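*Asks:* Letter by letter, the sequence shown follows residues 58 to 700 of the working numbering. Sharing a structure below in structure tokens format, with a few things to ask.
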Amino acid sequence: MEGPALLPPPPPSSSQQPELDEAKVVNSGVYVHESEAELEATDEPAAVQAETFPTEILVENINHLMFVVHGIGEHKDFVVESYDDDNGSTGESGNFRELFSTMRDSLFSKEIPLSLEIHPIEWHSEVHKSGVDDVFDKISPAASTTLRDVNKRLIMDVLYYSAPKYGQMIVDTVTKQMNDKYMAFMAANPGWQGFVSVFAHSLGTLVAYDILTHEAGEVGSNGVVFPGLAFPVENLFCAGSPVPIFALSRGQLDIQDSVCTGGLRRPKVNHYFNLFHPADPIAYRVEPLVDVGMSDYPAIKLQKADSFKNKTFGEMVLIYDKLTDIASVCNDWDGARIDFEVQRRFFEGPIDTLYAPLSHSVYWSSEAVVTITLLAICRPVVDIITRYMAHNVPLPTLRPRRLVPFTPYKTIKCATTALVRDGFTGAWEPNALFLGHKRVYFAPSAAAVACTKLWSVPLTAKSAVTVDPTDSSAFQFTPDTTNPSPSMFSSTKGTQTLYTTSPAQCQEWVDAINQALASESDEHATTHPNVDGLVLPRGDSDINFFDATLTGTLRTRGMLCDAYNWYVLTDCSLDCYDACPVLKEWTHFSLKVMFATPDHGHIRLVSRHGTSVTFKIPDMERFNLWLATIQQFPDCKLILEDC
Numbered sequence: 058m059e060g061p062a063l064l065p066p067p068p069p070s071s072s073q074q075p076e077l078d079e080a081k082v083v084n085s086g087v088y089v090h091e092s093e094a095e096l097e098a099t100d101e102p103a104a105v106q107a108e109t110f111p112t113e114i115l116v117e118n119i120n121h122l123m124f125v126v127h128g129i130g131e132h133k134d135f136v137v138e139s140y141d142d143d144n145g146s147t148g149e150s151g152n153f154r155e156l157f158s159t160m161r162d163s164l165f166s167k168e169i170p171l172s173l174e175i176h177p178i179e180w181h182s183e184v185h186k187s188g189v190d191d192v193f194d195k196i197s198p199a200a201s202t203t204l205r206d207v208n209k210r211l212i213m214d215v216l217y218y219s220a221p222k223y224g225q226m227i228v229d230t231v232t233k234q235m236n237d238k239y240m241a242f243m244a245a246n247p248g249w250q251g252f253v254s255v256f257a258h259s260l261g262t263l264v265a266y267d268i269l270t271h272e273a274g275e276v277g278s279n280g281v282v283f284p285g286l287a288f289p290v291e292n293l294f295c296a297g298s299p300v301p302i303f304a305l306s307r308g309q310l311d312i313q314d315s316v317c318t319g320g321l322r323r324p325k326v327n328h329y330f331n332l333f334h335p336a337d338p339i340a341y342r343v344e345p346l347v348d349v350g351m352s353d354y355p356a357i358k359l360q361k362a363d364s365f366k367n368k369t370f371g372e373m374v375l376i377y378d379k380l381t382d383i384a385s386v387c388n389d390w391d392g393a394r395i396d397f398e399v400q401r402r403f404f405e406g407p408i409d410t411l412y413a414p415l416s417h418s419v420y421w422s423s424e425a426v427v428t429i430t431l432l433a434i435c436r437p438v439v440d441i442i443t444r445y446m447a448h449n450v451p452l453p454t455l456r457p458r459r460l461v462p463f464t465p466y467k468t469i470k471c472a473t474t475a476l477v478r479d480g481f482t483g484a485w486e487p488n489a490l491f492l493g494h495k496r497v498y499f500a501p502s503a504a505a506v507a508c509t510k511l512w513s514v515p516l517t518a519k520s521a522v523t524v525d526p527t528d529s530s531a532f533q534f535t536p537d538t539t540n541p542s543p544s545m546f547s548s549t550k551g552t553q554t555l556y557t558t559s560p561a562q563c564q565e566w567v568d569a570i571n572q573a574l575a576s577e578s579d580e581h582a583t584t585h586p587n588v589d590g591l592v593l594p595r596g597d598s599d600i601n602f603f604d605a606t607l608t609g610t611l612r613t614r615g616m617l618c619d620a621y622n623w624y625v626l627t628d629c630s631l632d633c634y635d636a637c638p639v640l641k642e643w644t645h646f647s648l649k650v651m652f653a654t655p656d657h658g659h660i661r662l663v664s665r666h667g668t669s670v671t672f673k674i675p676d677m678e679r680f681n682l683w684l685a686t687i688q689q690f691p692d693c694k695l696i697l698e699d700c
């Protein structure tokens, strides 16, 4: 059951006591126990579950690695100096990655647990540090230096790539970076099960296309030897791509008797996307070079992201399924559509020529481009939705496995505020982390979990509880007043009458308190989570309600109005909080394999499917505390890393 926010007390009335709205309060602050919160209905993969068309599907993490290759010109923002480097937060690379994070959070995160790691690939500097810029400067006349500088930084990249020597340099650089980053990623995520995509822009699309249309060791038409990638590629996304015009200029198409019959070589990927803006002078269509009949059929217009707001993932898939229906295109067309057009903005039509230079970079800030990319990356779930549609079965509810109900019936050893790395952006964001026995739990902040404590009464052998003789839905609790706790206010030193919603709930509280009293003595110890480093919202708030025995919203009568507060019974105390935590669900991560890097304060948790999460505890004392606590768990494999 969920724990909704506490209801406010009803307005005071001098004529009558307010009535308790049982329908609204009955579940307030009541939670499922730990075993129920983490009990999954099935361990089967989502695709297996879908075979019987259930109404709800538990979706496992979608693991994906995507390389982003830039186009012409200098791109310092594509250079990542170190794992802790924040340079990716600026420039095209950083803005693009940030947009992915934003669209994930707004459209996908509630239903799709996507673990996407984005790695930029930078090749421009390798060519220009070879000495070509110095030669270019020496041969450039003094006049028109600004235009010549543009030629040096931009136009020359196209000429360099067309030359065997520098083309080889660029191909080698891009291939090596991808392979090295892939191998490093696999080493950091043992057992990783996922897919790899390549997103490229401008001249970068031609580089990626050439790499993916040649086998390892194959020699291109200009003498470039292709080393080959060490991994298969699921999706190739080409934005603002000159691939079609280069295929034409290279003579790679089938043209006989002045008639083109196609002939464009398809890249060795499962899915190929050609994304273009109609005003982009660098971008061209691909489909007519695969099948000339497709020139009579327009490209698919990408839907604006606003059209997906407040829609489920299944409804989003349904929209694109209708748009990409191949039954409406050329009979000879085989497979999925390739050409996707970015829609113009309302002001672009009248100023096509003026807007053309800017249109070539529109992809980095296009929500529509990011949305179609994310949909393609989420293909394992898209295929499930498509199966339901094909059989005319109502679409299922999708629930991420990694989201579990929040519950205070859990033993928490440590809690702290730490920096968690976002694989989308490469940035480190503060989160509240809670270390349980088998899992680490993540909340956006401690404020979502912590509550303000009003009072706490210790349980001793001299405490007593009975059902109220005048009301079977209420119980009376009498604390031990011989040795009052510092957190006991004067109002709690006498007998407390607490009202539940039913005799059954009342008896549950009485039995639970009596059981706690039976195991208590005058000497009792209280064990609370270590909260060193946890940023609490206010001084009188805490998280000491964990390891609870029973919780719920109870009522007390006042002179003017009733008060509703959240009560927590532990093995050693009865505590009253102003309200229950606002958090309903939190993300959990199993403690299976853990990599620790003391030099940087990094802890990386890796699941059995290779999904990972990395967080950083900069304070060495706190880092060592977490390390020592986790080492007590026998089922967790700890691996120490040097850097």
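All residues carry an ideal CB built from backbone N, CA and C; glycine is no exception. Values in this document were obtained by computation on a predicted structure and should not be read as measured data.
Should Lys186 go down as buried or exposed, given a rule of 16 or more other Cβ atoms within 10 Å for buried?
*Replies:* exposed
*Asks:* So, does the region 173–181 touch the region 232–250, judging by three or more C-beta pairs under 8 Å?
*Replies:* yes
*Asks:* For Ser598, which residues does DSSP report across the bridge?
*Replies:* Thr509
*Asks:* Phe603 by DSSP, collapsed to three states: which one?
*Replies:* In this structure, Phe603 counts as coil in the three-state DSSP scheme.
*Asks:* Beta carbon of Val663, beta carbon of Pro247: below 8 Å?
*Replies:* A distance below 8 Å separates the beta carbons of Val663 and Pro247.
*Asks:* Can you check the region 672–700 for any alpha helix (DSSP H) of at least 4 residues that lies completely inside it and give the ranges in chain order?
*Replies:* 677–687
*Asks:* What are the uninterrupted segments assigned as alpha helix (DSSP H) that are 4 or more residues long and contained completely in the region 326–395, given in chain order?
*Replies:* Within the region 326–395, the complete alpha helix (DSSP H) runs of at least 4 residues are 344–347 and 370–380.
*Asks:* Whole angstroms is fine: what's the gap from Asp604's alpha carbon to Pro465's?
*Replies:* 6 Å
*Asks:* Any contact of the region 653–669 with the region 629–644, i.e. 3+ C-beta pairs under 8 Å?
*Replies:* Flag = no, the region 653–669 and the region 629–644 do not touch.
*Asks:* So what's Val253 in DSSP terms, helix, strand or just coil?
*Replies:* The answer is strand: DSSP assigns Val253 an E or B state.
*Asks:* Does the beta-carbon of Asn279 have 16 or more other beta-carbons within 10 angstroms, so that it is buried, or is it exposed?
*Replies:* exposed
*Asks:* So, helix, strand or coil for Ile660, using DSSP?
*Replies:* In the displayed model, Ile660 falls within a strand according to three-state DSSP.
*Asks:* At a cut of 8 Å, does the region 560–572 reach the region 519–535 through at least three beta carbon pairs?
*Replies:* yes
*Asks:* According to DSSP, simplified to helix, strand and coil, what is Asp78?
*Replies:* Reliability of the predicted coordinates at Asp78 is poor, the pLDDT of 49 falling under 50, and the value obtained from them is presented with this limitation in mind. Coil.
*Asks:* Alpha helix (DSSP H) containing Met240: first to last residue?
*Replies:* Per DSSP, Met240 belongs to the alpha helix (DSSP H) from Pro221 to Ala245.
*Asks:* Whose C-beta lies closer than 7 Å to the C-beta of Ser158 among residues of the same chain, with five residues either side of it excluded?
*Replies:* Result list for Ser158: Asp479, Phe481 and Thr482, in chain order.
*Asks:* Would you tell me roughly how many angstroms separate the C-alpha atoms of Tyr217 and Arg323, rounded to the nearest one?
*Replies:* 24 Å
*Asks:* Report the option in Lys649, Val497 and Phe333 whose CA atom is closest to the CA atom of Trp421.
*Replies:* Phe333
*Asks:* Less than 8 Å between the C-beta atoms of Tyr634 and Trp623, yes or no?
*Replies:* yes
*Asks:* Do you know offhand how far Gln572's Cα is from Pro515's?
*Replies:* 14 Å
*Asks:* How far does the alpha helix (DSSP H) with Met651 in it reach, from first residue to last?
*Replies:* Per DSSP, Met651 belongs to no alpha helix (DSSP H); it is in the beta strand (DSSP E), Val650 to Thr654.
*Asks:* Please report the residue range of the beta strand (DSSP E) in which Asp632 lies.
*Replies:* Ser630 to Tyr634
*Asks:* Identify whether Pro487 lies in helix, strand or coil by the three-state DSSP scheme.
*Replies:* strand
*Asks:* Using a Cβ distance threshold of 8 Å, determine whether the region 612–620 contacts the region 483–490, with at least three qualifying pairs required.
*Replies:* no
*Asks:* Should Phe153 and Val126 be called a contact, given that it needs their Cβ atoms to be closer than 8 Å?
*Replies:* no
*Asks:* Between the C-alpha atoms of Phe283 and Thr369, what's the straight-line distance to the nearest angstrom?
*Replies:* If I take the Cα positions, the gap works out to 43 Å.
*Asks:* Counting beta carbon pairs with one atom in the region 253–260 and one in the region 287–306, are three or more of them shorter than 8 Å?
*Replies:* yes
*Asks:* With 16 other CB atoms within 10 Å as the buried threshold, where does Ile469 fall?
*Replies:* It counts as buried.
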